[in-house]
Structure formats: structure tokens, C-alpha cells
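Take a look at the structure below.
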Amino acid sequence: MILLFTAIIETNTLRSYHDKRKPPNYTNEQLIQLEESYTVNPYLSQRALINLAKKLCINKNNVRLWYRKRRSRDNSGNSELTIYTAPILKIRLG
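Printed below as a string of C-alpha cells:
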């Protein structure tokens, strides 16, 4: 009986280890709006954060996290995101 209980605990532990949160998948429209708002102001006020989250139907914590990561990319000089989002912006804007 004890061995069975231990096995259940171990499988639950393994299952919870593999069920880590994954980053949200943003749609192209959401990325465009996030990039456009970021170019206007890389720091959002609380009111602007809530409005943008409601507009894009995203959790405000995910918007805050996206902005933090985007500022980090700007500061580190890594333009990996720019390569992927530049064609999207050109399609929409140009």
C-alpha cells in the first residue's frame, strides 16, 4: 500500500514539473499593436497598460512582461524580434 502511494506522489511531481507555464502566443495583430505602442512609449502607465490589455484581450501581466522583455532586447542590442516583426509592420504600414 505504501509503495502505491509513493508512486502516485512521484508521478504527480513529474507531471507538475513538465506542466510549466509556456509563454503566450500572440497573434500578428497583437504583436503589431504592441510594437506600435512600444515605439510611442517604451514605458506604460498603469492606465495605458490596462487599456492596452483590454484592447488586445490579453492579461495585463502578459503585456507588462512583453514590455519588459522588449526593453531588455533594446538594451542588449539583440534585434532578433525586429527581424521577425519588421515584415509584419511593413505589410501593415507600407
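Position 64 of the sequence shown, counting from 1, maps to 64 under UniProt numbering, and the rest follow consecutively. Ideal Cβ positions, reconstructed from N, Cα and C, are used throughout, including at glycine.
* Is the beta carbon of Leu-52 less than 9 angstroms from the beta carbon of Ser-76? -> no
* **Classification of Tyr-67 by the beta-carbon crowding that lies within 10 angstroms, buried from 16 upward** => buried
* **Neighbour-count burial assignment, Leu-44, 16 or more Cβ in a 10 Å radius** => buried
* With a CB to CB cut of under 7 angstroms and the five nearest residues on each side skipped, what residues in its chain are close to Arg-64? -> Leu-49
* Asked: Do Arg-70 and Pro-42 have their C-beta atoms closer together than 9 angstroms?
  -> yes
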